[in-house]
Structures are given as C-alpha cells and as structure tokens.
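Scroll down for the structure; my scribbles are underneath it.
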Amino acid sequence: MSRAIAVFHGCFGRATIYQLNRPFNVHAHREGHLIFHLGGSDGSITVGDKFCPLNASSFVAVCPWEPHNFVPSDLDQGALFLVLYVNPEWFTPGAPSDAARLRFGRQLTSRTSTIDRQIRHTAAMIYSAHTLNELDRELRGLIDTCYAESWRRPGEASERRVLEGVTDFRVRKSIRLIQEGLGADIHLDDVARESGLSRPHFYKLFRSQTGVTPNLYLNTLLMERAIDVLVKTEKPVADIGFDLGFSSQSAFTRFFASNVGMAPTDYRGAAQLL
1 MSRAIAVFHG CFGRATIYQL NRPFNVHAHR EGHLIFHLGG SDGSITVGDK FCPLNASSFV
61 AVCPWEPHNF VPSDLDQGAL FLVLYVNPEW FTPGAPSDAA RLRFGRQLTS RTSTIDRQIR
121 HTAAMIYSAH TLNELDRELR GLIDTCYAES WRRPGEASER RVLEGVTDFR VRKSIRLIQE
181 GLGADIHLDD VARESGLSRP HFYKLFRSQT GVTPNLYLNT LLMERAIDVL VKTEKPVADI
241 GFDLGFSSQS AFTRFFASNV GMAPTDYRGA AQLL
C-alpha cells in the first residue's frame, strides 16, 4: 500500500516523501512538479506522450497543467520518492502567467553529483522536520538547480498551453462554470450546453485551448480542493467527500487514492502545515 512518509505544505507549494507501489491515474497540477527517486525499485512516469524512467540517475520535471501518471515497477515493495509541487508564483513572483513563471526545458534530466547531494540533503531535512526558513532555502536551491539543468541541453519539451492563454470566450465561460459549480456531481455536458457548444465541439475546443481535457481539469480542481480541506481543517473525511459531490466516502477515497496515491486519511496523518 502506498503511504506518505512526510508531507509539508508552505508558500513554496508541497514537499512530500512517498513510498509508492501503486499506479496513478493520468492527472495534472497547477504547480510545477519535480520527482526524485530516493530508494527501492525503479518506476516510470509518462508525461504527455513521453515515457520517463525514474531511477537514481535521473529526475522528472512536469510543467504546470501537463498531464502525467506514475507506474511502479514493483507492486509489492514499491520505492521511495521525493516529490515537489512548486508554486509558480513563489518561483517567479509577478510574472504574468504560469508559462512565464515555470516551464522546464525537458521532462527527463540526468542527475548530476551536485543535484544528487541536494536531493539527499533536502530529503533528510524533510524527514527531520526542519523549520520553514531552513527548508525554504534548501528547496529554493534544489529547484533552481534542477530548473537550470533541465534547460542546459536541447530538450524535447514544447510550449505548454496554460489557462491564462485561453482566448475563446466559450471556453472561458466553461472554466468559470466548472470553478463555480465545483463538485464530482457536476455534469460536463451541461457545462458544454451552457457555454453554447455541442459536446464534441466542447471537448475538442477545451483541449485545444488549455492543453487538457475538461475531465482532467475538473479532477485537478477537485484534488486540490480535497487536499486543501484535509490539511487545513479537521472536517471528517466522509463530510469532505460529500461536500465535494461524491456519493459515498468510499467513492471519494477511490478518487483520492487514484490521483494522490494513498487514502485521504493516510495523507492527512502525514501532512504538516508550515
């Protein structure tokens, strides 16, 4: 069973150490994403259409809103990973869009000896629950180094469309409708109709404008809302699920586990707010 060893939330985003032995659904984050292998069996991440092996000699970088999923190689023991969710506004304050704030040069990059030392040091600090200022400085150094390394050689990553770049007024309206009516029980066909689009045209236009499907966008917002409420409140898990429109606690738990890698109660138990 996958579990969280340590989870820290702060202005930088999230820093987590996971033991993972279960695959994820395809999902996305508004944050930039850095994944480092710490120990155990190898894994792999598919970022868009690119297959990225994840082991002790490489790290994977995912741009904001870039669809990806994780697959372990060992479903019994799994492996240990340091995973960073980087807030684009923290990374580059004042930039006009996520694209300007945080876009990695490529998804798969080799770990240098310097990066490897930084990864180990950062993981040790997270284990020992260092103060926010100490951890913030360490994270800044690691993220800056990885960002620069991802651009050091020509990569394959192309420009990512982000939601700030949406130009079609019907897609903008659909985004507003999803945000205002956020819940697992929202019907995207109704959103399409209220936006003045047929269902096929809505799905095609939404993806062409944002780079993600309407379902993936909805699931990302649901996942972010669930994590936020889990960490910042003591509301029972069943109530969180019902408030988010899930028909039962088990349905909410299945959704959360398939997108985060573990049950919401396990995530809450490991999370600390800095």
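For the sequence shown, the residue numbers in UniProt numbering are 1 to 274.
Beta carbons: idealized from backbone N, C-alpha and C, even for Gly.
Asked, Found
"Local Cβ density within 10 Å of residue 266, reported as buried at 16 or more and exposed below that", "buried"
"Stretch pair the region 254-270 + the region 46-64: three plus CB contacts closer than 8 angstroms", "no"
"Same chain, Cβ closer than 7 angstroms to residue 151, five either side skipped, listed in chain order", "105"
"Nearest-angstrom beta carbon gap, residue 71 and residue 44 [assumed within contact, 8 angstroms]", "5 angstroms"
"Contained alpha helix (DSSP H) runs [length at least 4] in the UniProt domain \"HTH araC/xylS-type\" (172-270), N- to C-terminal order", "188-194, 199-210, 214-232, 237-243, 249-260 and 264-270"
"Cβ-heavy atom distance, residue 65 to the ligand NAP, below 8 angstroms", "The ligand NAP is absent from the structure shown, which contains no ligands of any kind."
"Local Cβ density within 10 Å of residue 103, reported as buried at 16 or more and exposed below that", "buried"
"Inside the region 68-125 only - alpha helix (DSSP H) runs reaching at least 4 residues", "88-91 and 98-101"
"Rounded straight-line distance, which links the Cα of residue 101 to that of residue 93", "8 angstroms"
"Inter-stretch contact at 8 angstroms, needing at least 3 Cβ pairs: the region 238-251 / the region 200-214", "no"
"Short CB-CB distance (under 9 angstroms) between residue 167 and chain E", "Reference to chain E is not applicable here, since this structure consists of a single protein chain."
"Inter-stretch contact at 8 angstroms, needing at least 3 Cβ pairs: the region 49-57 / the region 7-23", "no"
"The beta strand (DSSP E) enclosing residue 2, as first and last residue numbers", "No beta strand (DSSP E) holds residue 2; DSSP gives it neither H nor E."
"For residue 55, the nearest candidate out of 23, 68, 69 and 35 (CA to CA)", "35"
"Contact under 9 angstroms by Cβ, residue 177 with residue 194", "yes"
"Beta carbon of residue 110 nearer than 9 angstroms to that of residue 57", "yes"
"Beta-carbon spacing of residue 269, residue 2 below 9 angstroms", "no"
"Of the residues 251, 253 and 5, the one placed nearest residue 126, counting alpha carbons only", "5"
"CA-to-CA distance, residue 140 to residue 229, given in whole angstroms", "26 angstroms"
"Where residue 57 sits in the DSSP three-state scheme", "coil"
"Short Cβ contact (9 angstroms threshold) for residue 214 with residue 188", "yes"
"Burial state of residue 32 (16 or more Cβ within 10 Å)", "buried"
"Beta-carbon separation (whole angstroms), residue 149 vs residue 115, contact threshold 8 angstroms", "6 angstroms"
"Residue 6 in three-state terms, based on DSSP", "strand"
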